[in-house]
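S.K.:
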Amino acid sequence: MMVIRPVERDDLSQLMALAGKTGGGLTSLPVDSATLQARIDRSLQTWEDSLPRAEQGYVFVLADSEDNRAVGICAIEVAVGLQDPWYNFRVGTQVHASKELNVYAALPTLSLSNDHTGSSELCTLFLDPDYRDGKNGYLLSKSRFLFMASFRERFTNRVVAEMRGVSDEQGHSPFWESVGSRFFSMEFSKADFLSGTGQKSFIAELMPKHPLYIDYLTPEAQAVIGQVHPQTAPARAVLEAEGFRYLNYVDIFDGGPTLECDIDHIRAVRKSRLRSAERGENPADGPLCLVANSDYRQFRVALIPAKADSDSVQLTDEQMQALHCQPGDSLRVVTLCKEEKTA
């Protein structure tokens, strides 16, 4: 049975194996043991309430309940940019006009921005390619919304998600070649690695403070602004089905879109309900639901059929054990989107 759980101290080797399968472009999951160990430690300290809000971040893994092996990872940063600046480009417009010459030109631009400072961030979403079947991707991505709904006071009003931009199999990014390489004088993979390992000061030191005219970029770079890597398209669709939207902010490295939504407008947060755990067999005709326990430190989520109009959730002994719950315990439940139930 596949279940979402908090990351554990012994997960390092498994996270290193997952990082090696990303192919680059996922800055928050670098193939660097020291960085990943620090990420695990920070997550554990967040659960222990021993870090200030600016440093807090939760890491979850998707694991098989039988052997506890991690095959996917997802995370939430509580409030970005409060300690280290959080940068992206805002896609805007600059108008050049002259009445005397009867000239009017509205030119698209890229401006360095810190507009999302203080937002909660969904990040580090990656699923082992061998497990990209069934509903594992939905479970991995959406489980975070049940955690946010259950512990709403720990997060801010706006939630953002940076999506991986377009790059080829060799790791070359058209956007980087036309923008970042002009200012950083390094390969995309190196800048990506430095950012992922927390070495971000070079961004502020080297990026231009004035707007960049998009028309000056190569046609290839212009074409990928706000577009996602093919492997990231399903993740974008999942977030958009939950209410997230692209509002003209893109990553400064690869031009990938930043999606955002008010936390209380996220479908899974808004429509989730509390129900009681009850021992029994899953209903054969029940819709597939995300079911989470209410235990902050032993948080668990799984996909389980449940009756939509019932005050309780029927769980087998195996499911209760996987969810770390007992009969009578409070569970948070939400159905998948209509199209996801049959996907």
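Just so we're aligned, residue 1 is where the sequence shown starts under full-length UniProt numbering, counting upward by one. All C-beta atoms, glycine included, are put in the ideal place defined by N, C-alpha and C.
Can you tell me which of the three DSSP states Asp10 falls into?
M.R.: Three-state result, Asp10: helix.
S.K.: Where does Leu217 fall in DSSP's three states?
M.R.: Of the three classes helix, strand and coil, the one that applies to Leu217 here is coil, per DSSP.
S.K.: Return helix, strand or coil for Thr22, following the three-state DSSP convention.
M.R.: Coil at Thr22, not helix or strand.
S.K.: Just to confirm, is the Cβ distance from Val3 to Arg300 under 8 Å?
M.R.: In contact: Val3 and Arg300 (Cβ atoms closer than 8 Å).
S.K.: Distance, Cα to Cα, Glu162 vs Gly118?
M.R.: Approximately 15 Å, taken between the alpha carbons.
S.K.: State whether the stretch 160–177 contacts the stretch 242–262, with contact taken as three or more CB pairs (one from each stretch) at a distance under 8 Å.
M.R.: The stretch 160–177, when compared against the stretch 242–262, does touch it at the 8 Å Cβ threshold.
S.K.: Following the continuous beta strand (DSSP E) through Gly92, name the residue where it begins and the one where it ends.
M.R.: Taken as a continuous stretch (DSSP letters only), the beta strand (DSSP E) holding Gly92 covers 88–98.
S.K.: Would you kindly report the start and end of the unbroken alpha helix (DSSP H) that includes Asn136?
M.R.: Counting along the chain, the alpha helix (DSSP H) containing Asn136 begins and ends at 136–150.
S.K.: On the DSSP bridge assignment, give the partners of residue 349 in chain order.
M.R.: Outside the shown range of the chain, which is 1 to 343, sits residue 349, and nothing can be said about it.
S.K.: Would you call the CB atoms of residue 351 and Ser189 closer than 8 Å?
M.R.: No statement about residue 351 is possible, as the shown extent of the chain runs from 1 to 343 and does not include it.
S.K.: What residues in its chain sit with their C-beta under 7 Å from that of Asn293, if we drop five residues either side in the sequence?
M.R.: Closer than 7 Å at the Cβ level, and outside the excluded window around Asn293, lie Phe299, Arg300, Leu323, His324, Cys325, Asp329, Leu331.
S.K.: I think Ala149 touches Ser272, with their Cβ atoms under 8 Å apart; what is that distance to the nearest whole Å?
M.R.: With a Cβ gap of about 5 Å, Ala149 and Ser272 count as contacting.
S.K.: Could you give the DSSP three-state label for Ala106: helix, strand or coil?
M.R.: Looking at Ala106 - three-state DSSP - the assignment turns out to be strand.
S.K.: Going by DSSP in three states, Pro208 sits in which element: helix, strand or coil?
M.R.: It is coil, neither helix nor strand.
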